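Following this note's numbering, the numbering of the sequence shown begins with 152 at its first residue and continues without gaps.
See below for the structure under consideration.
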Amino acid sequence: MGNREDLDADIAGHPFLLGLSEHHLRLLADCATRVAFPADHVLFREGETANRFYLIERGEVVLETNTAAGKTMIIDRIRNGDLLGWSWLFPPHQWRFTARASEVTTAIFFYGTILLQYCEKDHTLGYQLLKRMSAVMTRRLQLARAKLSEEQGVAASNADHRS
């Protein structure tokens with residue numbers, strides 16, 4: 152899946168990380184590796200300990216959650232150039248959704264536990280990551296809210312038709 156220099160270059164050129172200093176990019180590269188997942192592979196499950204994140208290079212990962220009715224709902228589709236996983240940065244460090252590769256997917260994997268230590272030592276790095284992660288988090292939570300509202304509306308409509 153490529154050599155170390157290729158990985159470092161891909162980290163530096165990834166849209167999510169654009170504008171970070173060379174020093175910060177080196178710290179990120181220090182705790183990164185390439186990974187690949189087959190279709191239907193579960194990367195993490197809602198409620199499990201969050202200790203990593205991914206930058207998707209190719210493929211697609213769906214974020215899922217279960218509704219009150221026990222139905223699986225897709226919240227978002229994460230594709231090329233997108234970030235997957237922000238829960239590692241925020242206590243209680245638990246995944247908020249389940250992530251499943253919907254097709255063969257390659258990504259850059261970052262060890263969040265190591266990166267948290269780097270952020271504690273270098274608050275500028277932590278701030279830069281927090282700004283970027285917060286934007287992703289806000290968008291995903293708004294998507295989840297919209298999907299759940301839509302689901303509740305469908306359930307209410309179905310109940311009205313049964314009455």
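Beta carbons are placed, not taken as given, at the ideal position from N, Cα and C, and that holds for glycine.
Note that this is a predicted model, so its numbers are computed, not measured.
Per DSSP, the beta-bridge partners of Tyr-205 are Leu-235, Phe-260. Beta-bridge partners assigned by DSSP to Gln-279: none are found. Fewer than three beta-carbon pairs drawn from the segment 263 to 278 and the segment 216 to 233 are found closer than 8 Å, and the two stretches are therefore not classed as touching. The Cβ atoms of Thr-216 and His-244 lie no closer than 8 Å to each other.
Judged by beta-carbon spacing, Phe-188 lies beyond the 8 Å limit of Arg-283, meaning their Cβ atoms are not closer than that value. Between Ile-162 and Ile-265, the C-beta spacing is not below 8 Å. The alpha-carbon of Leu-171 is positioned some 27 Å away from that of Phe-195. Gln-303 has its alpha-carbon roughly 30 Å from the corresponding atom of Gly-210. Across the structure, His-192 and His-174 are spaced so that their CA atoms are roughly 34 Å apart. Pairing Arg-251 with Gly-221, the inter-Cα distance amounts to about 17 Å. Contact between Tyr-262 and Arg-203 holds, with the beta-carbon distance rounding to 6 Å and staying under 8 Å. Residue pairing by DSSP leaves Thr-218 without any beta bridge partner. Rounded to whole angstroms, the separation of the alpha carbons of Asp-233 and Ile-207 is 6 Å. One Cα belongs to Arg-296, the other to Phe-241, and the distance between them is close to 19 Å. Within the segment 164 to 199, the beta strand (DSSP E) runs of at least 3 residues that lie entirely inside it are, in chain order, 183 to 188, 193 to 195. Excluding its 5 nearest sequence neighbours in each direction, Leu-294 has C-beta neighbours in its own chain below 8 Å: Ile-226, Asp-227, listed in chain order. DSSP places Asp-273 outside both helix and strand once states are collapsed to three, so it counts as coil.
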